[in-house]
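Asks: Chains as they are written, first to last, in my numbering: chain B, 37 to 343; chain S, 2 to 260. Structure below; questions to follow.
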Amino acid sequence: MSPERKGPIVRCGQLVKRFGTLRAVDEISFEIPEGICFGILGPNGAGKTTTLRMLLGQSPRSSGTLEVFGQDIDYGRRYIRQRTGIVPQADNLDPDFTVAENLSMYGSYFRLDHQTVQKRIPELLSMVELLVRADDRISTLSGGMKRRLTLARALVNNPDLLVLDEPTTGLDPQARHMIWSLVHRLKRDGRTILLTTHYMEEAERLCDELIIVDSGKLIAQGSPDALIRQHCESDVLEIRGVGTDFKMNKLPESFRSEFSGDSAYLYSNDSHALLAYAANMGETTALHRKTGLEDVFLRLTGRGLRG
Amino acid sequence: MTPYRPPRIRLEALAVWRRNALVWRRLMAASLLLHFGEPLLYLLGIGYGLGRFVGEIDGMAYFTFLASGFVAWSAMNVASMESMWSVYTRMVPQQTYEAILATPAEVDDIVIGELLWCGTKSLVSGSAILAVAAILGAVQDWTALLVIPVIFLTGLCFAAPGLIVTAYARAYEYFNFYMTLFMTPMFILCGVFYPISTLPAPMQIAVQFLPLTHAVAIIRPLIVGSPVENLWLHLGALVLFGVICAWIAAILVRRRLVQ
């Protein structure tokens, strides 16, 4: 093993990206150890994609340190990309080529041996269940198929680091589950995965560790479980369909309440007390559940709408 | 980062060139029809039709005069179209470059690869006109074969300013400025239809600063087999113009693609 493999795959410190006066990424620091799935969560416009672009050398940083595979991004950009696979947020498959040709064309940008790539193409296509579509044009594929092909394309160079920028945004549940199982499989293969998302279920399922960013700032870091324990009570009662004029019965002191849209949320570590409260509510619908990352996320980033 | 350095030339540029070549190969029949058919019509219609009234110019049949001008003009035209409309399509709606930039290929490879590709397309179209002209008897010497590399050079030379315009473009309409202000005047003034010696004296000097003048000045005598006057001056002007524009294009495309 080469020496640089011993440290973290990604290491960034006080990373800043300015666009004019806007600080899109504002002093973010984190490390990604080898072999884990690391998530960057945040509302739209939080700086997730900008962070990824800096990591890949597609956008120069304004200040801070940034190393991938132990190499400074300014000097090792080509080496880093040689070992990295990227699934961008917007599909940018080449519409002038077929499914299989997209993969071989992409391999040529890595200057991979043509024979090796040709041998890999059927494997990759069967992995994402697109082998029967090998000779079809891109325009005939559904959104989910395009995403899967983009994932296969990101694996053409057999990367050690896989970067997924909102991989399931806009997909139906079937396609989403398929992407999730593929990500699990890739992690089992020992690849390091870096993922951005604003789907909390996705983050809980896939991520070993994550950071939450908002307005370019890092606001929380840890494993999904630890974040939930640290920032939320264990249980929540979700009361749906209430107006802002909704008057609650007197709340026990141990409850914390929040409003969002037309729902009220009551948080507590005492599930019995929550259920007892729900039983006294009469006609209003209430849902009792364990708290999750979504509750942490909404608590930390607020419930207001984002642009 | 050194945003102002000249573009580096690397093998990855060939992957970009190859991508375009493979797309083109699929539409080759239509493309060749255009490249052969259009000049054939122009040459027959204007060259023979108008040529009957014009007679000889500079000691050659008007048909030959026009055919040699068309070879240069076509090289300019094809490279300009490709470096504007097609490059913009790959850059903006198709996001092809965004995908390429996630691999070890860099902006410089895209710039060099596209320049080479534009030159190649010019080579195909210019050679097609040369072939049509030869079949119709306009080519008078084997030195005409030397025109082929000059066509490629002319293509490169005009692809570079095209890339500059594309780096600034926010929509396809943007290219109309360049067409109207730069390409059309060259088509009319740089010796494609009539010798520049017939222009008023100040204009004769002015057109020396337009690259098409130099392309025509090299290509025409090679086709008729007469010696090229001031060959190195004309070649130097083309190369200088192309190199400076390619350098500027690299700076601007870097700025556009890497933010």
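Quick reminder that beta carbons are idealized off the backbone N, C-alpha and C, glycines included.
(1) Please list, in chain order, all residues of the same chain as Ser126 of chain S whose beta carbon is under 6 Å from its beta carbon, the five residues on each side excluded.
(2) Would you say Thr232 of chain B reaches chain S, if we count a Cβ-Cβ gap shorter than 9 Å as a contact?
(3) Pick helix, strand or coil for Asp132 of chain B, following the three-state DSSP scheme.
(4) Along chain S, in chain order, which residues have C-beta atoms closer than 8 Å to that of Arg114 of chain B?
(5) For Asp142 of chain S, which residues from the same chain have a beta carbon less than 7 Å from its beta carbon, with the 5 sequence-adjacent residues on both sides left out?
(6) Would the beta-carbon of Leu211 of chain S fall within 9 Å of that of Tyr98 of chain S?
(7) Report the neighbours of Ile101 of chain S on chain B: residues whose CB is nearer than 7 Å to its CB, in chain order.
(8) Measure the C-alpha to C-alpha separation of Ala31 of chain S and Leu182 of chain S and round it to an integer number of angstroms.
(9) Applying the criterion that 16 or more other CB atoms from any shown protein chain within 10 Å of the CB defines a buried residue, is Phe176 of chain S buried or exposed?
(10) Could you tell me which chain S residues have their CB closer than 7 Å to the CB of Ile174 of chain B, listed as they occur along the chain?
(11) If you draw a straight line from the alpha carbon of Lys326 of chain B to that of Ala262 of chain B, how long is it in whole angstroms?
(12) Among residues of its own chain, excluding the 5 on either side of Pro131 of chain B, which ones have a beta-carbon nearer than 8 Å to its beta-carbon?
(13) Just tell me which of S:Ala207, S:Ala135, S:Ile249 has its CA closest to the CA of Leu45 of chain S.
(14) Please check the pair Ala170 of chain B and Leu161 of chain B, which I expect to be a contact at CB under 8 Å, by giving their CB distance rounded to whole angstroms.
(15) Here's a check: name, in chain order, each residue in its chain whose Cβ is nearer than 7 Å to the Cβ of Gly243 of chain S, leaving out the five neighbours to either side.
(16) Once DSSP output is grouped into helix, strand and coil, what is the label at Gly13 of chain B?
(17) Less than 9 Å between CB atoms is the rule here; does Tyr142 of chain B satisfy it with respect to chain S?
(18) Among the candidates B:Glu245, B:Ile229, B:Leu273, B:Tyr301, whose CA atom is the shortest distance from the CA of Ala312 of chain B?
(19) If contact is defined by three or more beta carbon pairs under 8 Å, each pair taking one atom from either stretch, is the segment 189 to 201 of chain B in contact with the segment 84 to 104 of chain B?
(20) For a test of the three-state rule: what should DSSP assign to Arg9 of chain S, helix, strand or coil?
(21) Beta-carbon within less than 7 Å of Glu240 of chain B's beta-carbon, same chain only, minus the 5 sequence neighbours each way: which residues are those?
(22) Excluding sequence positions up to five away, which residues of its chain have a Cβ less than 6 Å from the Cβ of Thr337 of chain B?
(23) Taking Cβ positions only, does Ile165 of chain S come closer than 9 Å to chain B?
(24) Are Leu185 of chain B and Asn128 of chain B closer than 9 Å when you measure CB to CB?
(25) Output, in chain order, the set of chain B residues within a Cβ distance shorter than 7 Å of Thr121 of chain S.
(26) Residues of chain B with CB under 7 Å from Leu12 of chain S, in chain order?
(27) If you follow the beta strand (DSSP E) that Arg212 of chain B is part of, which residue opens it and which one closes it?
(28) Would you call the segment 12 to 23 of chain S and the segment 109 to 129 of chain S in contact, with 3 or more CB pairs under 8 Å?
(29) Just list the residues that DSSP pairs Leu232 of chain S with in beta bridges.
(30) Excluding the 5 residues flanking Ile264 of chain B on each side, which residues of the same chain have their C-beta closer than 7 Å to its C-beta?
(31) At a CB-CB cut-off below 7 Å, which residues of chain S make contact with Gln50 of chain B?
(32) Among residues of its own chain, excluding the 5 on either side of Arg227 of chain B, which ones have a beta-carbon nearer than 8 Å to its beta-carbon?
(33) For a contact meaning CB atoms closer than 8 Å, what does Arg117 of chain B contact in chain S?
(34) Are the beta-carbon atoms belonging to Ile68 of chain B and Leu207 of chain B less than 9 Å from one another?
Replies: In brief:
(1) His36, Ser75, Val79
(2) no
(3) coil
(4) Pro105, Glu107
(5) Val225, Gly226
(6) no
(7) Tyr145
(8) 30 Å
(9) buried
(10) The contacting residues do not exist; Ile174 of chain B stays about 10 Å from chain S at best.
(11) 14 Å
(12) Arg173, Ile174, Ser175
(13) S:Ala135
(14) 6 Å
(15) Leu157, Cys158, Ala161
(16) Lying outside 37 to 343, the shown extent of chain B, residue 13 of chain B is not represented and no answer is given.
(17) yes
(18) B:Leu273
(19) yes
(20) coil
(21) Pro260, Gly328, Leu329
(22) Pro79, Asp250
(23) no
(24) no
(25) Those do not exist, as Thr121 of chain S stays about 16 Å from chain B at its closest Cβ, beyond 7 Å.
(26) Arg147
(27) Not the beta strand (DSSP E): Arg212 of chain B falls in the alpha helix (DSSP H), residues 209 to 224.
(28) yes
(29) In the DSSP output, where bridge partners are listed per residue, Leu232 of chain S has none listed.
(30) Thr327, Gly328, Leu329, Val332
(31) The premise fails here: Gln50 of chain B is roughly 19 Å from chain S at the closest Cβ pair, so nothing lies under 7 Å.
(32) Gly71, Pro195, Asp196, Leu197, Leu198
(33) Ala103, Thr104, Pro105
(34) no
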